[in-house]
Structures are given as structure tokens and as C-alpha cells.
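Following: one structure in C-alpha cells, then a few remarks.
Protein chains in written order, with this note's numbering: chain A, 16 to 343; chain B, 153 to 479; chain C, 197 to 455.
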């Protein structure tokens, strides 16, 4: 009883500070709700503003083949988004075909095989590349990659294989097109998929690897038969997030795809994507219907990336949860 | 020695392990090439006037040398001062000095640098309160059902294409006010920054040991008091890194700015008017037919790249020292 | 006749030597227990015996380990081949997550290219019977391995190791994560198995070593030079080690813990 401490003011339970918790919680909840509100604002705005075009054209907005915002004597006004939808899907598909195997390889290398001394710098590099603004990929694509691509691939391929397979048919004009866009998109989504793959592989308990090694499995067999099956869901999630990024990427596509509404079978020919269509035309829209049609395209883009993100998060969350359970 | 399928397995092992290394090389080489090109070509575009001057229309450099004065840029007549159109006949012999297509880059991107700092800065100011408090909510009340909803909405925002944020603000702000403005751009960037700030804050607060909260609670401190005096200060370095990354991300965004800020050729301080921004300049100069402006595009890309590089390296250094994790 | 002969085995973690040079012989068809306080390097030495040690980044070992007249650390020897001949069971029971009970046992044989269903069935049943698990799991062979109890999973791990018929089985504290009943069944199983192969078991329980082993090796930590370094202080018949230890450190360790 030697010490007679005065309790701090806030510990008495009577001080006004004690009541601080109610407004504190209310404040954080309110500002957290701003995030929720923002999502609803985006979705609601897209829904309402696209109403006009959606009621007028319905699914033709996505699958109609002619996009012509200005009525002329020869061609009636029409808002068919198929050139953009097709361009978006094809360029993202090309990106995914190139990037997914490479990125998974990188993820495996970083998480399982790479010497310790290389791991940190390589990981840093990969994360840095995910942070490079997309407009820079665009600049590089326009000035460096397209000239290289034209002379090394597009011209030789279009004059040889291109005469038999319409996908690779010439002529090469500017070199802008879906294939170039797809390759650059692949570079852009590589870091996303690779670093997520590395992370989910890192969640695999070491006991699984040791159990395989101990029965005489090689490193690769351990990875292929134990580590990858274990984290399969997470890897699929990583690919879905990469796909979402490729579908919604705007600047690189706008700068590289050529922005042509004509559907051409050749992947070397100029085309368009949903995001670049919106970026190019929205501020110059000629009528409220045109504007509404563009917002419908953005709405579709929002919907599909929302779906992909939701699915991907679910898969990654599933992996995280099941690893925690497995360790107990 | 082919008991146990030994040789086939060994060869598969070797091939596949090497393939992953090759994959890493395949990806890393073009990516290093991008950084390398931007840093080398971009550095070539650097000059004193690049940082101190604003847009100058491409013109015949020789003419201005002779007259000794730069034609002032008049926003109402942007083509004033352009001496020559490109020759109609591509085969006609052209005196390099006579052709605007051969003119050296003129002017600078000061307006873009200032514009980006202002637009992204205001965007960050808008994003900070929401992001940090939402992060506090997600961390301190992490088990609530509503927290899951907030977290999901955060993922939706960070996963949706940046053009969607641009469209939203274009419709809700630009069309309503009938005015492209830097402020609209700031709001659009804020939408993209909020999820980054929120998730970093949440992660960093979660790294603060539970024992620190318990100690404060044991002394009878209310939650808000311990959060502001104990938990937040402990997590501050991590939160600052998240804020820096959010700024770098916002400063590099282009698509939302096309729909909201529009761009400008002069230094403007009125945030309710169109403004220049580095990524916009990069984009426009890349699409420009004038080689001089193409060079400016590399220069603007260089500045953007430096911003991203410096922010990321700072974050790397900071997180290494505190032993924290940047994600 | 010895199953394994260690000569000047020195395990390293990066630059740090974990254990002073170890030389000993491990007898064939017997159970050798390795005991000692934590940090004495007993698990490290065990992991050197089938070259699992080097799977930890930066870890390596020097010296000789003779397995049936072959030095497993000779430069032309492949670690994978050694691990086929010297099996290992870990402290934590491991059921490979993505495989059912049957595949958990068959996986080693499949790696070696065995795909004949009949042969596989027979081998799996034999391994599960050897691990005294067959009667419990014969009806749930298609269930995920993770659905089994901890003790069953540990015997599943043993069955997986036995399926490829190793000459030596290494066990790293196989019972420390199990309850007493499961522990007893594992111990019983090991005693049965020693007629077929040689067993080396690391345990922190001296009672366990005394109950099941024929020979015992005692490791201690030598903390005299700054960082602690492991050291083999005594090896002999289990009864001798526990009743009349030659080394005073063994005596104090045993009396301190058992007494």
C-alpha cells in the first residue's frame, strides 16, 4: 500500500473519454461505408446511364457487328459492340496464353527453385514491373516493340503462313493490332500472375514437400505432384485476376490496337477493345444514345471484372483458409 | 542404371527446372528492356527547358533561330508559329532544316509535372481519410460481418478497370458540372487510391502485435485512445509506404484522366478547369506525328518512371528497416 | 554387419557447422535411437543419412556415410536414389493433401513407373498391412488421406515410406505429435518392422528410446565456444547407455530427466 496511484482520467469509466468509443466506431464505420457506397455509386451510375441504350438495343450492344454512331445516308446509326467485345476477348486470350504458363513458371522459380540470393532482387523486380504505369508500356510498344515485331514476325509470317491462315494474313500497315496488343498485355499481367502464384506456393506447408522428397521424388516431381495440386485453386485465382486486368486495361490497348471498328480476321489488322472504345469516344459522343451505348460497354466491362475478381478472391481465400486448417 | 525409371525422371527434372528459369528470363528481359529504354531514351530528352518550359508547338527551329524569338503559344491559335506543313510528295528532296518533322523537341513538360502533382495530390487528400479510417475499421473490428462486405467492396474497386472510375466521374461530375476539371480527375484517382490505402492500413495495423492492444486495454484505455496513441503510431511507417504507393499508382494513371481532366497546354492552377498531366502528355505526345513530340513522350515517360522507381525503392528501404512487409 | 557407417560427418547450415564430426556405425535389423536435448543436432544428423538435410536452402554436409558399401556423399551419387533406399518419416504426420489414402501409399511406386493396377494394389495392401493400418482403412481407400486421425496419418506416412521397400527407415520424433495410444501403436509397429529393415529413430523421450531401441546414441550441446554446437558423446547398447553410461554428460542427462 506504499503507492497511491491516481488512476488516469480515462480509466475511471466516468470521464468523457470513455464515451469516445461510440463516436470512434461510428466514424470508422461511416468512412468504411464510403467504400461500399462508392461501389454502389459506380454500379448504380453505370446501370442508370446505360438504361437508354440497353432498352433500345438489348444484347445487340454486345453482339451487334456494326458500330456507327453517326447516321449518314449510306449507313444507318447502329451500336453493335461486337468488334470491341471480340477485340477485348481475343487480346486478353492472347495475353493469357502467353502470360499464364510463363508467369506460373516464374512463380515456381521464385518460390521453389531460385537461389536465395536471387530471390529478393527478382521478386522486387517483378513487383516493380506491376507498378509501371500502363501508358509507359504503351510508349514502349509504339516506338520499340511494334517496329521490332513488324520486321521480325508480322512481315515474314504474313507473307508465308499468312497466305494460308487468315489469322495471320497481311498486309501489315501500321502494325497495330490484336496480336501486338495481346503480347504487350501479356507483359503487363505477367507480374500480377507471377507474384500471386509465388505467394500461394509459399502457403504450401513444407511437410508436403519433404514427404515427397523423402520417397525419392525429384524436385520437379515434388513441385508438379504435391505443391501445385495443393495450391491449384490459388493459381487459378491468380490467372483470373490477370485475365481481369487484361480485359480492363485501357491505355496500352488504346495505343496499340489501332482503334478500328472493322472486324478483320487477321490478328495483324487494326481492331478495337471495349476499354479503348470508351476512352476514345466517350468525351466526343455525338448523342445521348451514343453516350449511353458507351456506358453500357463500360458496364459490361465492370460486370465481367467484378465476376472475375469475386471468383479469384474466393479461390485464393479458400486456399488460405485450408492451409491454416491443415497446419493445426 | 535404369531401375526406378531413373534416367527419364532425371531428365524431366532437369528440363522442367531449367524451363522455369528460362521463363523467368523470358519475362525479365523484355521488362528490363522497357525500363532500360525509358531510362536511356528518356534521359536523352532531358534538358533544362524540359523541366522549366511548357508546351511549345512544333515549328521550324531554324526560323526561330533566325528571328531570335520564340513564337508565343496562343491557346486560341495553336498552329501559329508552325512554319511548314510536311511536304506533300514523300520523295521530294527535303532540306532537313526546313521541315517541321525534323525539328528538335521544343518546350517542356513543366505544366504536366505540376498538373500531375496537383491532381494526384488532391486525389490522395480525398482518399486518405476514407482509406485510413476504413483500414482502421477493417483491422480493429475485423471479425464483424460488415467488415467482410467492406473488404469485398475494396477488392471490387481495386480490381475494376481504371476506365470505369473515369466513366463514373465523367457522368457524375463532368457531365453535371458541364466542365472538364482537374478536380474531377482527382476524384477519379481517389477511387483508385482508396483501396490501396485501405488494404495497406489494414495490413499494417494487423501487424501491430495484439499484446500492445491488450496492454493498453489492460490500463483501461478505450479503444479509440489506444488506436490513436498506440496502434496507429506503431503502424505509421507501413501506412506511409502504402500512401506513397497509392500516390505513385494514381500519378501514373491515364485512362481516367482522359475522361475527366482533358489536358491543357499551359500551366493552370485552377482545379476547376482542365489541367495538364504527365501521363496525358505521354499519351498525346506518343500519338503525335512530330518526332520532336515523340521525344517529349519518352521524356515524360522517364519522369513518370522515375517517380514510380523512387517511390518503390523508398518503400523497399523503409519496409526492410522496420522488418515489415509491404503487402 | 552395419546398415550405415558414418565417418567424420559434418552437417552445415550455411557457414555454421551444426554438429562436431560424427563417426558411428548403425547396426542392421536393429533399432538405433538418437537422443539428446533440443539443439544438439540429432535431427540434423538423421536428415544427413538420406540427404534430406541439403534440401534446406544453404545446408550441406561433408564426410562419408556408407550405405551397403556405397558412400552416399560420393560426387556421382544422386540424392534421389539414396532417398529411395533410405526412407524417412517426419515428426508431423503428412498425408499428401490432394491424394486419397490409396494414392498416398502408391505415389512412390508410381514415381518409379509402376502402373500395373494389380501390382500396385498388392504393394499398397502389403505396405498398409506392414504399417498395421490395413484393417482400419481398407474400406476408405478412396477417402482423402487428410480425413484420417493423427495416429493413422503417421502410420500412413510409414506405409508410404515402406511401399518402396527401403533398406533403412529414418524416423524423426515420429510420436511427438501423437497421443499415448497412437504412440504405443507406432512403437509396437517399429519393433515388428526391424526384422525387415534397419531403423534409426530420433526421439526426445528417453523412455521411448529405452523401450524400443537396441542401441542408443546420445548427442549433447557443447556451448563452450559461443554458439552451441552438437556433439556425439556416447553410443552403445541401450541397456548399457541407460544403466552404466561411460560419459558423465550422459549420466547427468539421463539422471536429470529420468530420475
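Quick reminder that beta carbons are idealized off the backbone N, C-alpha and C, glycines included.
Just so you know, these numbers come straight off a predicted model, no measurement behind them.
*residue 157 of chain B touches chain C at which residues, Cβ-Cβ below 8 Å?*
307, 308, 309
*Report all residues from its chain with a CB closer than 7 Å to the CB of residue 194 of chain A; omit the five preceding and five following residues, and keep chain order.*
Around residue 194 of chain A, the same chain offers 109, 282, 283 as residues with beta carbons nearer than 7 Å, after the five sequence neighbours per side are excluded.
*For the stretch 211-222 of chain A, which residues have a CB atom closer than 7 Å to at least one CB atom of chain C, in sequence order?*
222
*When Cβ atoms are compared, which residues of the stretch 216-250 of chain C fall closer than 9 Å to chain B?*
With the criterion set as a beta carbon lying under 9 Å from some beta carbon of chain B, the stretch 216-250 of chain C has no members that meet it.
*Helix or strand or just coil, what does DSSP make of residue 36 of chain A?*
helix
_Cβ neighbour criterion (16 or more within 10 Å) applied to residue 82 of chain A_ = buried
_Does residue 92 of chain A come out as helix, strand or coil in the three-state DSSP assignment?_
coil
_Sequence-distant residues of the same chain with beta carbon closer than 7 Å to residue 268 of chain C, five excluded per side_ = 247, 261, 278
*Leaving aside the five residues before and after residue 402 of chain B along the sequence, list all residues of the same chain whose C-beta is less than 7 Å from its C-beta, in chain order.*
272, 275, 276, 341, 344, 345
*asked:* In the DSSP assignment, the beta strand (DSSP E) including residue 223 of chain C goes from what residue to what residue?
replied: 218-223
_Please report whether the beta-carbon of residue 232 of chain A lies at a distance below 7 Å from any beta-carbon of chain C._
yes
*When burial is assigned at 16 or more other CB atoms within 10 Å of the CB, is residue 292 of chain B buried or exposed?*
buried
*How many Å lie between residue 291 of chain A and residue 410 of chain B at the Cα?*
11 Å
_Once DSSP output is grouped into helix, strand and coil, what is the label at residue 274 of chain A?_
Residue 274 of chain A sits in coil when the DSSP states are folded into three classes, being neither helix nor strand.
_Taking only three categories from DSSP, how would you classify residue 257 of chain C?_
strand
*Could you have a look at residue 266 of chain C and say whether DSSP puts it in helix, strand or coil?*
Correct three-state label for residue 266 of chain C: strand.
*From this set, B:260, B:406, B:450, B:196, which residue's C-alpha is nearest residue 207 of chain B's C-alpha?*
B:260
*So, is residue 388 of chain C buried or exposed, given that buried needs 16 or more other C-beta atoms within 10 angstroms?*
exposed
*asked:* So that I know if they touch, is there some Cβ in chain C lying closer than 7 Å to that of residue 131 of chain A?
replied: yes
*Taking only runs that begin and end inside the stretch 392-442 of chain B, name each unbroken alpha helix (DSSP H) of 4 or more residues, in chain order.*
407-412, 430-439
_Contact residues within the stretch 266-293 of chain C, judged by C-beta distance below 8 Å to chain B_ = When CB distances to chain B are screened at a threshold of 8 Å, the residues of the stretch 266-293 of chain C falling below it are 274, 276, 277, 280, in chain order.
*Is residue 393 of chain B closer than 7 Å to residue 283 of chain B when the C-beta atoms are compared?*
no
*Spell out whether any CB of chain C is found under 7 Å from the CB atom of residue 228 of chain A.*
yes
*What are the residues that DSSP puts in a beta bridge with residue 433 of chain C?*
Under DSSP, the beta-bridge partners assigned to residue 433 of chain C are C:411.
*asked:* Quick check: the stretch 166-185 of chain A against the stretch 145-156 of chain A, are at least 3 beta-carbon pairs closer than 8 Å?
replied: no
*Cα-Cα separation between residue 334 of chain A and residue 215 of chain A, rounded to whole angstroms*: 8 Å
*Interface residues of the stretch 308-319 of chain B facing chain A [CB-CB below 8 Å]*: 308, 309, 311, 312, 313, 314, 315, 316, 317, 318, 319
*Cβ-Cβ distance between residue 150 of chain A and residue 434 of chain B below 7 Å*: yes
*Taking residue 417 of chain C as the reference, give the member of C:312, C:215, C:298, C:384 with the closest Cα.*
C:215
*Thinking C-beta only, is residue 273 of chain A closer than 7 Å to residue 316 of chain A?*
no
*Taking residue 60 of chain A as the reference, give the member of B:328, B:268, B:371, B:299 with the closest Cα.*
B:328
*Which residue spans inside the stretch 348-435 of chain C form an unbroken alpha helix (DSSP H) run of at least 4?*
DSSP runs (the alpha helix (DSSP H)) wholly in the stretch 348-435 of chain C: 376-389, 402-408.
*Mind checking which residues open and close the beta strand (DSSP E) that includes residue 207 of chain C?*
198-209
*What's the C-alpha gap between residue 238 of chain B and residue 471 of chain B?*
Confidence at residue 238 of chain B is low in this model, with a pLDDT of 49, below 50, so its placement is unreliable and the value that follows should be read with caution. Near 53 Å, if we compare the C-alpha coordinates of residue 471 of chain B and residue 238 of chain B.
*Return the Cβ separation of residue 50 of chain A and residue 306 of chain B in integer angstroms, given the expectation that the two are a contact with Cβ distance under 8 Å.*
6 Å
*With DSSP as the reference, please indicate the residues paired to residue 283 of chain C in a beta bridge.*
C:365
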